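Visitor: Chains as they are written, first to last, in our numbering: chain A, -10 to 434; chain B, 6 to 329.
All residues carry an ideal CB built from backbone N, CA and C; glycine is no exception.
This one's a predicted model, so the numbers in the text were calculated from it and none came from an experiment.
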Amino acid sequence: MSRALSRQQHLDLYYYMQLNRQLEDRMVRLFRQNKIVGGLYSSLGQEAISVGTAYALEPRDWLAPMIRNIGALLVKGFKPRDIFTQHMAKYTSPTRGKDGTSHFGDLKVRHTVSPISMLGDLIPVMTGVAMAGRYLGQNIVTMTWIGDGGSSTGAFHEGLNFAATQRAALVLILENNQWAYSTPVTRQVPLKNLADRAAAYGIHSAIVDGNDVVAVYAAAKEAVDRCRAGNGPVLIEAKTMRMKGHAQHDPAEYVPKEMFDYWKARDPIPRYEKYLTENKIWDSAKKAEIDARIERELDADQKFAEESPLPPPELAEEGAYCEGCHKIEADWKRPKEEVMPPKSSIQPEWTVPKLGGLDADFIAKAEIPGAKEVAAGNDRASSAAPAAAAKGPAKPEGKSESVPKEDVASAPPLRVPFGRGPKDKAFERERKERTERGRGKRRKR
Amino acid sequence: MAAITMLEGIRQALFEEMDRDPAVVTLGEDIGVYGGAFKVSEGLLARFGPERVIDTPISETAIVGAACGMSYLGLRPVAEMQFIDFIACCFNQVTNFVAKSHYRWGAPVPMVLRGPSGGGVHGGPFHSANPEMYFVHTPGLKVIYPSTVYDAKGLLKSAIRDNNPVLFFEHKFLYRRVKEEIPAGDFTVPIGKAAVRREGRDMTILSYAAMAHTALEAAERLAKEGIDAEVIDLRTLLPLDRETILSSLKKTNKLLIVHEDTRTGGIAGEIAAIVCEGAFEDLDGPIMRVTAPDTPVPYSPPLEERFLPNAEKVVAAARELAKY
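1) When we look at the beta-carbon of A/E336 and count the other beta-carbons within 10 Å, is it buried (16 or more) or exposed?
2) Using the beta-carbon of each residue, which ones in chain B are nearer than 8 Å to A/E47?
3) Locate the alpha helix (DSSP H) running through A/P257, then write down its first and last residues.
4) DSSP on B/S253, reduced to helix/strand/coil?
5) Is any non-hydrogen atom of the ligand COA found closer than 8 Å to the C-beta of A/P301, if you look at the structure I gave you?
6) Determine, using beta carbons only, whether B/K147 and B/D191 come nearer to each other than 9 Å.
7) Between A/L502 and A/A37, what straight-line distance do the alpha-carbon atoms span, to the nearest angstrom?
8) Where do the ends of the alpha helix (DSSP H) carrying B/V99 lie?
9) For the region 232 to 296 of chain B, list the alpha helix (DSSP H) runs that are entirely contained and at least 4 residues long, ordered along the chain.
10) Whose Cβ in chain A lies nearer than 8 Å to the Cβ of B/E56?
11) Could you spell out where the alpha helix (DSSP H) holding A/W252 opens and where it closes?
12) By the DSSP assignment, the beta strand (DSSP E) with A/L125 in it spans what residues?
13) Just how far apart, CA to CA, sit A/K246 and A/K233?
14) So the alpha helix (DSSP H) A/G41 belongs to, where does it begin and stop?
15) Quick check on B/F285: buried or exposed, where buried means 16 or more other Cβ atoms within 10 Å of its Cβ?
16) Short of 7 Å Cβ to Cβ, which residues in the region 98 to 111 of chain A face chain B?
17) Using a Cβ cut-off of 7 Å, pull out every chain B residue sitting near A/A337, in sequence order please.
18) Within its chain, find whatever has a CB closer than 8 Å to the CB of A/R10; leave out the 5 residues flanking it on each side and keep chain order.
19) Taking contact to mean at least 3 C-beta pairs separated by less than 8 Å, is the region 165 to 185 of chain B in contact with the region 89 to 107 of chain B?
20) Quick check: what's the CA-CA separation for B/A223 versus B/A316?
21) With DSSP collapsed to three states, give me the class of A/N165.
22) Got a sec? Which residues, its chain only, sit under 7 Å from A/S297 by beta carbon, not counting five neighbours each side?
23) What residue range is occupied by the uninterrupted beta strand (DSSP E) comprising B/F192?
24) Do you know offhand how far B/E13's Cα is from B/A7's?
25) Using a Cβ cut-off of 7 Å, which residues of the region 81 to 110 of chain B contact any Cβ in chain A, in chain order?
26) Verify the CB distance criterion: does B/I250 have a CB-CB separation below 9 Å to chain A?
27) Classify A/A379 as buried or exposed, calling it buried when 16 or more other Cβ atoms lie within 10 Å of its own Cβ.
28) Within 10 Å of its beta-carbon, does A/A285 have 16 or more other beta-carbons around it, so buried, or fewer, so exposed?
29) Where does A/S(-5) land, buried or exposed, given buried means 16+ other C-beta within 10 angstroms?
30) Counting only Cβ pairs nearer than 7 Å, list the residues of chain A close to B/C73.
31) Would you mind reading off the limits of the alpha helix (DSSP H) that contains B/M75?
32) What does DSSP give as the partner residues of A/W134 in its beta bridges?
33) Go ahead and pull the three-state DSSP assignment for B/G110.
34) Just checking: is the beta-carbon of B/T66 within a distance shorter than 9 Å of some beta-carbon in chain A?
35) Interface residues of chain B around A/H491 at Cβ under 9 Å?
36) Can you find at least 3 beta carbon pairs, one from the region 130 to 150 of chain A and one from the region 216 to 227 of chain A, that sit closer than 8 Å?
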């Protein structure tokens, strides 16, 4: 039994994982009955990641799910009816039918940002949420997820690099489920461990068995704590397996049978049930009680969703803009005076080491004249950047192996054989004449 | 009161809005210590500090994404594209994340994305573009492209206070070339309202940004030839001020549209459709347009001069239109 978790918390993890699975199981049936309007993406076998990570967040914290993170939404307080109605495109859904699947959120209570289908874009957005949270003094942590496939997007790298430079309180869960649609991870990323990507941004990372909910929770909790303490972003790679195709239409025939067998034996839910029993956290009566509760809740919410109306067609033309429907107000948890002049005012200079980011090993090997002397004081940050630059890093002089000076001097000046530039005297003269004739002149006011 | 440049007007808007509201923050490449590639944000960092004036890596997607995330917590970020051409790098964030946010899930994004745009300074194909129409075609955004110092300042303030994502194009040719005395104190210019710059009877010349000045110059010349042109500066491209366009046309019955953007898919086509739908009976001649050709913006001065519309081209087109 994990000492980090109380008995009730252990039971919560089971409740959310089982709720996640049973909810999706019902949606598969609804899909086959043509009651799901669009695609249906399964998180079968990945429930421990969604639930274990989101469970490490506090209510004030923010998250942004991906398509296979229904469990995270449930932990954050959304109800099965939100998921049912979203997939069934009902008027009662959080987006009133304007978007489907897990593409919804809640700015005010559940602090959840809606994803878009383009992968990676949530990373810079959640970096911004973390920056704003820090600015407002809210002491929040943000969390989002990405897959092995999505980790190759530009937005992933731009976002993680920016988060790292800002030391943003961002926990990024990289769910390595081995497949990006039909392409195996080995064909996407030339790395054994995708967590290694963290090294490129100088941030902390961890690797965890994504089918062990207690391990996932422990890794996430540590990451959340690190972030909240101001230590910058954390990347967690959770290794797991996508047990279905990309979506319902995809039978995933490209997956080796052995792979499914291996991971089926490591299904996170039976595994956790065994753990709860062995550690005497529950008994069969407790399990039956939780399972019955889940059935009850799903029955009610599925009924609600099926009986809900579709949206009225005219809704299609509404809501592209906020026309006063929202009151936008930041929740300040620090005095505003701190970010207003005169308190906010500073001397606008960079604080950089005299040789910038060059590391000592490089300087030692480079044999640049004078560099070692400067490097000796390199750790002493110089705040007066321009002045330091003037007397600081000695320009490399002489001893150059590149083109000798004379060659450059004696070479004929480069001349573009056609066209004329603004420094061309003939061109200038002509243009002046034309301007005086009043052609091509812009009105000045 | 001394006349100030458009650049100074924009800077004043940033200073005044940041002084007024601590929720206003700025971020972009080289905007802090350096003061921005054009020095628009010079002095901001000294006054408001690094929490509110954020120098970013060269990551347009991160800039726009982070600004969007900040706005979800009630901040009003003003993000800068060093040159507006670079907005292509974050097209997805702007058009899919930011623009659709309110429609999809009711999350307003009160951010401004501003940057220098337009040609005439020999910037070449990647520092001279007018990419406004990609975004005019994107529901959920507002698009502003001012031509005067007063409008630039007043519209930027309106943009910062707006609850929607606003793209604010700043014509770099005008940055230091237009000067104007503007009133002291706080004022705003409403988004979505065109301005009649010159009243006339014979035809309407519609334009915006640098070409609004070109249109006025052409109108003065046409006046000497006995053609009395009305000149309208659109100022906001999305939403378009249909009323001002149609009411002017009902008076003049002829329409010439001038834009620096390229021809196909430029706003002239959209305006022509609006006029055909709303004032077809009032038209006494074909709707004509003077635009840049369908090419990238070339670098070399004679090429760029050929590329850009100018007063002479506008006068020539107006003379043709006047014959009807």
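Guide: According to the structure shown:
1) In the sequence under discussion, the amino acid at residue 336 of chain A is Gln, which differs from the Glu named in the question. Answer is exposed; the Cβ neighbour count stays below 16.
2) In chain order: nothing, as chain B lies at least about 16 Å away.
3) 257 to 267
4) helix
5) This structure lacks the ligand COA; in fact it carries no ligand of any kind.
6) no
7) Outside the shown range of chain A, which is -10 to 434, sits residue 502 of chain A, and nothing can be said about it.
8) Note, B/V99: premise wrong, no alpha helix (DSSP H); not H, not E.
9) 247 to 257, 272 to 284
10) Y124, V328, S333
11) 246 to 253
12) A/L125 -> no beta strand (DSSP E), and no H or E assigned at all.
13) 12 Å
14) 36 to 43
15) exposed
16) V102, S103, I105, M107, D110
17) According to the sequence displayed, residue 337 of chain A carries Pro and not Ala. Ordered by position in chain B, the residues that pass the 7 Å Cβ test against A/P337 are G37, V38, L50, A51.
18) L33, E36, I258
19) yes
20) 5 Å
21) strand
22) T74, K79, Y80, T81
23) No beta strand (DSSP E) contains B/F192, which DSSP labels as neither H nor E.
24) 12 Å
25) N97, Q98, N101, F102, H107, Y108, R109, W110
26) no
27) Model confidence at A/A379 stands at a pLDDT of 34, short of 50, so the residue's coordinates are unreliable and nothing is read from them.
28) The question names Ala, yet the displayed sequence has Arg at residue 285 of chain A. Its Cβ having fewer than 16 others within 10 Å, A/R285 is exposed.
29) exposed
30) V114, G117
31) 65 to 77
32) A/I162
33) First, the amino acid is wrong: residue 110 of chain B is Trp here, not Gly. B/W110 falls in the helix class under three-state DSSP.
34) yes
35) Since the first and last residues shown for chain A are -10 and 434, residue 491 of chain A lies out of range.
36) yes
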